[in-house]
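Inspection log for the structure reproduced underneath, given as structure tokens.
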Amino acid sequence: MTPSDASAGASAGRWSSLERPPLNAEGLRRALVTGGGLWTSLDVVATTGSTNTDLAARAPELPEGAVLVAEEQSAGRGRLDRSWVAPARSGLFFSVLFKPGDAVPQERWGWLTLLAGVATATGLSRAAGVDTALKWPNDLLVSVDGEERKTGGILAERVADGVVVGIGLNVSLTEDELPVPAAGSLALAKAAVTDRDPLLRAVLRSLEEWYGNWRAAGGDPAASGLQETYAAGCATLGRHVRAELPGGRTLTGTAEAVDTDGRLVIRTAEGQHEAVGAGDVVHLRSVH
4 MTPSDASAGA SAGRWSSLER PPLNAEGLRR ALVTGGGLWT SLDVVATTGS
54 TNTDLAARAP ELPEGAVLVA EEQSAGRGRL DRSWVAPARS GLFFSVLFKP
104 GDAVPQERWG WLTLLAGVAT ATGLSRAAGV DTALKWPNDL LVSVDGEERK
154 TGGILAERVA DGVVVGIGLN VSLTEDELPV PAAGSLALAK AAVTDRDPLL
204 RAVLRSLEEW YGNWRAAGGD PAASGLQETY AAGCATLGRH VRAELPGGRT
254 LTGTAEAVDT DGRLVIRTAE GQHEAVGAGD VVHLRSVH
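So the mapping is simple: my numbering equals the position in the sequence shown, first residue as 1, plus 3.
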């Protein structure tokens with residue numbers, strides 16, 4: 004048992020709910036850290052500020068495939084430095100380390116955020132039987148009583164020789180525990196499974212599969228099937244959207260495609276097309 008696992012195990016006697024047991028770190032390692040696979044280590048800590056921050060700090064000394072999971076994050080972050088907080092053991096909060104090296108040109112590494120979204124949605128569909136849609140560029144959406152709600156988010160950060168990808172996913176949050184009314188959880192979406200161990204295994208196995216295909220294709224999003232699959236599951240496409248861009252500029256129009264660079268292509272009311280590589284996108288309404 005590692006010190007991290009010992010801390011996680013010690014917290015088991017202080018469960019806030021018997022329906023929220025701690026993760027089985029040793030069982031997860033036996034299932035996922037296998038010879039010849041992508042995952043090279045898996046640590047579970049009881050609490051930390053941010054798994055992304057912790058893993059990024061250790062990235063130079065770690066091989067590709069390191070996984071860090073926290074039962075609780077006190078300073079979890081989303082895009083634009085927004086906070087991500089949730090009760091202990093109510094979700095999955097973890098980061099993984101990718102080092103594509105020379106196998107993938109660095110200009111294609113930006114696809115790792117979208118790849119993580121596809122892999123997470125695929126894994127949740129298999130393990131929990133819940134449809135998870137993607138909101139460009141990094142949100143995971145579920146339907147709660149017919150309403151589209153955010154249940155997860157992805158944050159990718161460049162490190163010296165790779166990329167740390169963090170995933171936060173609300174699993175068992177109840178309505179009165181939600182940080183904002185627009186948030187959701189797998190439980191509220193009536194997922195068939197809310198046991199975090201099989202969910203984490205499913206998502207990490209899906210990540211390994213998608214990353215392996217993408218890396219083998221030299222990061223080509225079309226050849227690996229990533230671009231097509233992302234577009235098929237992206238709830239942003241076909242919507243009227245407002246994109247709040249860096250520098251304070253706002254762009255409104257119809258989201259029509261995700262291009263080969265992972266950018267969102269928006270057609271304005273004047274019929275002009277603009278590819279957005281960064282920004283905050285708000286769904287306005289569907290196009291019929």
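A virtual CB, placed ideally from N, CA and C, is assigned to each residue, including glycine.
Residues Ala281 and Gly282 of the same chain have their beta carbon placed closer than 7 Å to that of Pro249, with the five preceding and five following residues left out of the count. Residue nearest to Leu95 within the set Trp213, Ser53 and Ala226 is Ser53 (criterion: CA-CA distance). Looking at Glu180, Thr257, Asp164 and Arg33, the one whose alpha-carbon comes closest to that of Ala278 is Thr257. In the three-state reduction of the DSSP assignment, Gln109 falls in the helix class. When rounded, the separation of the alpha-carbon atoms in Ala62 and Gly236 is 31 Å. Note: Ser209 is not bridge-paired with any residue in the DSSP secondary-structure output.
Excluding sequence positions up to five before and after Arg111, its CB lies within less than 6 Å of the CB of Gly222, all in the same chain and listed in chain order. Rounded to the nearest whole angstrom, the C-alpha separation of Leu58 and Asp179 is 32 Å.
With the rule of 3 Cβ pairs closer than 8 Å, the stretch 138-157 counts as touching the stretch 183-191.
Counting C-beta atoms within 10 angstroms of its own C-beta, Asp46 has 16 or more neighbours from the protein chains shown and is therefore classed as buried.
The beta-carbon distance between Asn55 and Gly169, rounded to whole angstroms, is 4 Å. This is short enough to meet the 8 Å contact definition. Taking C-beta atoms as the reference points, Ala136 and Ala194 fail to come closer than 7 Å. In the DSSP assignment, Thr255 falls outside any alpha helix (DSSP H) and within the unbroken beta strand (DSSP E) covering Thr253 to Val261.
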